[in-house]
Amino acid sequence: MHSSNAVRAAQTVHQVPDLDPDEIERVAEQAFQRYSYDGSSASALPKRKGKGVAIAWFRNDLRILDNEVLFKAWASSEAVLPVYCVDPRNFGTTHYFGFPKTGGGPRKIQANWSQDQTLFDLWKNGCTGYPLIDANMKELLSTGFMSNRGRQIVCSFLVRDMGIDWRMGAEWFETCLLDYDPCSNYGNWTYGAGVGNDPREDRYFSIPKQAQNYDPEGEFVAFWLPQLRALPKEKRNFPGMSYIKPIVALKFGNTKTINNRATTSGTRREESKWKGGRGNRS
1 MHSSNAVRAA QTVHQVPDLD PDEIERVAEQ AFQRYSYDGS SASALPKRKG
51 KGVAIAWFRN DLRILDNEVL FKAWASSEAV LPVYCVDPRN FGTTHYFGFP
101 KTGGGPRKIQ ANWSQDQTLF DLWKNGCTGY PLIDANMKEL LSTGFMSNRG
151 RQIVCSFLVR DMGIDWRMGA EWFETCLLDY DPCSNYGNWT YGAGVGNDPR
201 EDRYFSIPKQ AQNYDPEGEF VAFWLPQLRA LPKEKRNFPG MSYIKPIVAL
251 KFGNTKTINN RATTSGTRRE ESKWKGGRGN RS
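In the UniProt record's numbering, the protein residues as written are 1 to 282.
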C-alpha cells in the first residue's frame, strides 16, 4: 500500500529542469538588469521565445520538487532565478535595498486614515474590548515581544477595523519591540495595510476566526487578562458583558469609508453576535 502510494505521489511531482551551466552568468546578468536602479525596461532586454527570466521568492516554502509556484514560473519563462529568504526579516530588507518582489516604486493607494489619538491609545494599551487584541498588546507592553500571528492580527484590527493610520502602529512597534528591525517592521506594516508588497489591498484578519483557530480555550487571553480566568474556556474570547465594551465594531475590511468608527447600534450587534463577517478574511 505504502509503495503504491509513493509511486503515485512520485508521478505527480513536477521536476524543474536545471539551468545549463553555460547560461547561468547570462541569466543572472539579465535578472539583475531587470531589477536594477537604472530603470531599464524589461521589454528592452533580450528574450528567447518572448519568455524572459522569472524570479521565484522562497519565503515560506523551500521545496524544489512538487512546488507549484516554482514549476509555473519555469513553465512560463526561459529560466528561473530562485531567491531564498530563510529569515523573514531579509524579505523586507531586500525591498529596502531596491530588489522588489512586485515591481519597483511605491504603490499609489488612496486611503482615508484616521489619526484619532484617543482610539489609538486604547489600542496600544490593550483596552479595545476584544480579548485577543488586548492580550497581545499587553504582552507587547510587558515583554517587548509579540508572536508573528499576533502582530498580523493587531495590525489588521488597527488598520481595517479602527481605520487608524498604519504609521502610528509601526512607530509604536518600533518603540516597544526588542527584536525591532526597520525593514521588517515597516515592511510588514505596509503589507498589512495594503500599501506594500501584497497584491491584495484588503487583507483582513477576522478576530473571531483567529481566536477560534489559535486560542480556542482562551489560555492566552486568560494569561494576560486575569479578569477572564473565571469564565468558561469557550467564553474567554467571547466574554460579552463580562468584559469591557468594544471601542469599535468589526468592519470586515472596510477602510474605504470616510468614517471608520463604530456606530452605537453596530457596536451592540458585535457585542451580541461577534461572528465572522463578509469579505476577504484570514
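All C-beta atoms, glycine included, are put in the ideal place defined by N, C-alpha and C.
query = For R149, which residues from the same chain have a beta carbon less than 7 angstroms from its beta carbon, with the 5 sequence-adjacent residues on both sides left out?
reply = Cβ neighbours of R149 beyond the five flanking positions: Y214.
ask   = Between which two residues does the alpha helix (DSSP H) containing R167 stretch?
value = From DSSP, the alpha helix (DSSP H) with R167 extends over 166-176.
query = Comparing alpha-carbon positions, which option in E234, W224, L122 lies nearest K245?
reply = Cα-wise, what sits closest to K245 is L122.
task = Kindly give me the distance between the Cβ atoms of D134 and I164, rounded to whole angstroms, as I take these residues to be in contact under 8 angstroms.
result = Incorrect: roughly 16 angstroms between the Cβ atoms, too far for contact.
query = Quick one: what's S184 bridged to in DSSP?
reply = The partner list for S184 (beta bridge, DSSP) is empty, contrary to what the question assumes.
inquiry  = Tell me which residue opens and which closes the alpha helix (DSSP H) that G223 is part of.
reply    = With the sequence shown as reference, residue 223 is identified as Phe, and Gly is not the correct amino acid for it. Counted as a single uninterrupted DSSP element, the alpha helix (DSSP H) harbouring F223 occupies residues 219-224.
key: Neighbourhood of Y96 by C-beta distance below 6 angstroms, restricted to the same chain and skipping five residues each side   = Residue confidence for Y96 is low, a pLDDT of 48 falling below 50, so the modelled location carries little weight; the figure read from the coordinates is stated next. Only C183 meet the Cβ criterion.
key: Identity of the residues DSSP links to S114 by a beta bridge   = According to DSSP, which records beta bridges pairwise, S114 is partnered with I164.
message = Just checking: is the beta-carbon of L140 within a distance shorter than 7 angstroms of some beta-carbon in chain C?
response = Among the protein chains of the structure shown there is no chain C, as only one such chain exists.
ask   = Just checking, does the region 143-158 make contact with the region 222-240 on the three C-beta pairs under 8 angstroms criterion?
value = Taking a cut-off of 8 angstroms on C-beta distances, the region 143-158 does not touch the region 222-240, as fewer than three cross pairs fall below it.
Proximal residues to L231 (C-beta, below 7 angstroms), its chain only, five neighbours per side dropped = Residues of the same chain with a CB within less than 7 angstroms of the CB of L231, apart from the 5 flanking positions on each side, are P239, S242 in chain order.
ask   = Nearest-angstrom Cα distance between T143 and K209?
value = Computed Cα separation, rounded: 26 angstroms.
request  = Have a look at K251 and R160 and give me their C-alpha separation to the nearest angstrom.
outcome  = In a straight line, the C-alpha of K251 is about 7 angstroms away from that of R160.
Through-space distance from L228 to N185, alpha-carbon basis = If you take the alpha carbons of N185 and L228, they lie about 31 angstroms apart.
inquiry  = Considering Cα atoms alone, identify which of S114, A249, W224, V248 is closest to M168.
reply    = Distance check between M168 and each of S114, A249, W224, V248 places S114 closest, using alpha-carbon atoms only.
request  = Following the continuous alpha helix (DSSP H) through S142, name the residue where it begins and the one where it ends.
outcome  = Annotation: the continuous alpha helix (DSSP H) that includes S142 extends over 131-143.
task = With DSSP collapsed to three states, give me the class of C127.
result = C127 falls in the coil class under three-state DSSP.
request  = Taking M137 and G129 to be in contact with their CB atoms under 8 angstroms, please state how far apart those CB atoms are, rounded to whole angstroms.
outcome  = Going by Cβ atoms, the distance from M137 to G129 rounds to 12 angstroms, so no, they are not a contact pair.
ask   = With 16 other CB atoms within 10 Å as the buried threshold, where does T190 fall?
value = By the 16-neighbour rule on beta-carbons within 10 angstroms, T190 is buried.
ask   = Is DSSP giving M241 helix, strand or coil here?
value = Looking at M241 - three-state DSSP - the assignment turns out to be helix.
key: Backbone secondary structure at F205 - three-state DSSP   = DSSP places F205 in coil when its eight states are reduced to three.
Status (buried if at least 16 other CB within 10 Å, exposed otherwise) for P131 = Answer is buried; the Cβ neighbour count reaches 16.
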